[in-house]
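One structure below.
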Amino acid sequence: MANLFSILFIILVAIVGGIPTIVITGYIPVMIAQKIYRKVKYGYSLYR
Numbered sequence: 163m164a165n166l167f168s169i170l171f172i173i174l175v176a177i178v179g180g181i182p183t184i185v186i187t188g189y190i191p192v193m194i195a196q197k198i199y200r201k202v203k204y205g206y207s208l209y210r
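Going left to right, the sequence shown walks through residues 163 to 210 as the working numbering numbers them.
Quick look at the structure:
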């Protein structure tokens with residue numbers, strides 16, 4: 163029974179930690195593309 167709870171806890175921790183990690187990692191290229199687009203189209207700084 164304790165083994166079942168351990169497995170469920172590990173699955174829960176993997177979901178809680180994994181989803182934000184995937185979202186943040188996926189958003190980094192989007193953010194860079196947005197900054198480059200704004201630089202080319204509007205002439206904004208990449209740091210703005």
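Each residue gets a CB set at the ideal place from its N, CA and C atoms; glycine is no exception.
| query | Would DSSP call Tyr199 helix, strand or coil? | reply | Numbered from 1 along the sequence shown, position 37 holds the residue referred to as residue 199. In the displayed model, Tyr199 falls within a helix according to three-state DSSP.
| said: Just to confirm, is the Cβ distance from Arg200 to Tyr209 under 8 Å? | reply: Along the sequence shown, one-based indexing puts residue 200 at 38. Along the sequence shown, one-based indexing puts residue 209 at 47. Cβ atoms of Arg200 and Tyr209: not closer than 8 Å.
| said: Between the alpha carbons of Val192 and Thr183, how many angstroms are there, rounded? | reply: Sequence index remark: in the sequence shown, residue 192 carries index 30 (1-based). Sequence index remark: in the sequence shown, residue 183 carries index 21 (1-based). Between Val192 and Thr183, the alpha-carbon positions lie close to 15 Å from each other.
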